[in-house]
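The sequence shown begins at 53 in this note's numbering and counts up by one. This report concerns only the one structure given below.
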Amino acid sequence: MTQWAVRGRRQVYGSPWVELWLDDVDIPGVGRVDHHVVRMPKECANAVVTDGDGRFLMLYRHRFITGRWGWELPSGWVEPGEDPAAAAAREVEEETGWRPGEVAPLTRLDAMSGISTMHFHCFHATGATRIGEPVDRAEASRVEWLAEDEVVRLLTTGEVAEGASLAALSYFLGPHRLTARGGADR
C-alpha cells in the first residue's frame, strides 16, 4: 500500500467558512510536492425528507458560483458541538418551513476527497409538519414536494447537480432501499 506522507503545511487563506492550505506531501514514486487543500472548518448535513405518499421535499435554487439553477436537498453547516442529525433537522426547518419528525442516519460522504476536507452527514427524515414560511428565504426560489418519479427524472436529466444532494438521493433510492427491503447481499 502506498500512502502519501504530509511533511508540513502552510495556511494561505482562512475564514470561518473555508481555509486554503498548501501541504508539503511526499508521494511514493513521485517525490515531494505542494498540494492545495481546501479545509472546511465545519462539517455539513443534509436530509432526504419523504412523506407517506412517496414524495420528496426539495428546494429549487440558483447557485451563483456555477451559474446554474437546480433542485437540492435542505443542507447546511453543523455548528461546533451540534449533533449532525439536529443540524439536518434545523436546516430542513429553516430552509423549507417544514419541521421533520424522525431523523435517521442515511450515509456519509467526503465531497471532494482529493482536494478538500468537506464532509457530509446525510439523513432520512420523515413525519414533517408544516410550521410556516421558511426562515431563510434566500435559500430557495421554490420549496416543493415532488413525486418519486419526478425526482428520478431530475436525477437522470442533471437537474439535481449539487453533489451531496445527488449522492444522498441516489443512495436513498438505491442501496438504502435495497438493504431496507432485504434485497441486497451483505
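By construction, the Cβ of each residue, glycine as well, lies at the ideal position given by its N, Cα and C atoms.
### Query
Comparing alpha-carbon positions, which option in 146, 92, 134 lies nearest residue 67?
As a first step, residue 67 must be located in the sequence shown, where it is residue number 15. That would be 92, whose Cα lies nearest to the Cα of residue 67.
### Message
Quick check on this structure: which residue in 59, 64, 88 has the alpha carbon closest to the alpha carbon of residue 78?
### Response
Residue numbering aside, residue 78 sits at position 26 when the sequence shown is read from its first letter. Nearest C-alpha to residue 78: 59.
### Message
Rounding to the nearest angstrom, what Cα-Cα distance links residue 4 and residue 57 in this structure?
### Response
Coverage of the chain is limited to positions 53 through 238, which leaves residue 4 absent and any answer about it impossible.
### Backbone CA spacing between residue 184 and residue 143 [nearest angstrom]
In the sequence shown, counting from the first residue as 1, residue 184 sits at position 132. In the sequence shown, counting from the first residue as 1, residue 143 sits at position 91. The straight-line gap from Cα to Cα measures roughly 14 Å.
### Message
Would residue 130 and residue 96 qualify as a contact pair, given that the criterion is a beta-carbon distance under 8 Å?
### Response
Numbered from its first residue, the sequence shown carries residue 130 at position 78. Numbered from its first residue, the sequence shown carries residue 96 at position 44. Yes.
### Task
Consider the Cβ of residue 59: report whether some Cβ of chain B lies at a distance smaller than 8 Å.
Reference to chain B is not applicable here, since this structure consists of a single protein chain.
### Query
Cα separation between residue 150 and residue 81?
What you label residue 150 is simply residue 98 of the sequence shown in a count that begins at 1. What you label residue 81 is simply residue 29 of the sequence shown in a count that begins at 1. Cα to Cα, residue 150 sits roughly 53 Å from residue 81.
### Query
Which residues mark the beginning and the end of the alpha helix (DSSP H) in which residue 148 is found?
In the sequence shown, the residue the question calls residue 148 occupies position 96. From DSSP, the alpha helix (DSSP H) with residue 148 extends over 136 to 148.
### Task
Measure the CB-CB distance between residue 172 and residue 161 and report whether it falls below 8 Å.
Taking the first residue of the sequence shown as position 1, residue 172 is located at position 120. Taking the first residue of the sequence shown as position 1, residue 161 is located at position 109. Closer than 8 Å, so yes.
### Message
Quick check for students: name the residue ranges of the beta strand (DSSP E) that lie wholly in the segment 80 to 165, counting only runs of 3 or more.
### Response
83 to 91, 96 to 101, 107 to 115, 120 to 124, 127 to 129, 155 to 162
### Query
Could you give the uninterrupted runs of the beta strand (DSSP E) lying entirely in the segment 166 to 226, keeping only those of 3 residues or more?
171 to 177, 194 to 199
### Query
To which residues does DSSP link residue 63 through a beta bridge?
On the sequence shown, position 11 is the one that residue 63 refers to. The partner list for residue 63 (beta bridge, DSSP) reads 73.
### Task
Alpha carbon to alpha carbon, how far is residue 90 from residue 164? Give it in angstroms, no decimals.
Against the sequence shown, residue 164 aligns to sequence position 112. Against the sequence shown, residue 90 aligns to sequence position 38. One C-alpha to the other measures close to 9 Å.
### Task
Could you tell me how far apart the beta carbons of residue 112 and residue 196 are, in whole angstroms, since I believe they sit closer than 8 Å?
Taking the first residue of the sequence shown as 1, we reach residue 112 at position 60. Taking the first residue of the sequence shown as 1, we reach residue 196 at position 144. At roughly 7 Å, the Cβ-Cβ gap stays under 8 Å, so residue 112 and residue 196 are in contact.
### Message
Given this structure, state the Cα-to-Cα distance separating residue 132 from residue 99, to the nearest angstrom.
### Response
Here residue 132 refers to the residue found at position 80 of the sequence shown. Here residue 99 refers to the residue found at position 47 of the sequence shown. Roughly 19 Å separates the two Cα atoms.
### Query
Distance, Cα to Cα, residue 101 vs residue 180?
Taking the sequence shown and counting its residues from 1, the one referred to as residue 101 is at position 49. Taking the sequence shown and counting its residues from 1, the one referred to as residue 180 is at position 128. Pairing residue 101 with residue 180, the inter-Cα distance amounts to about 8 Å.
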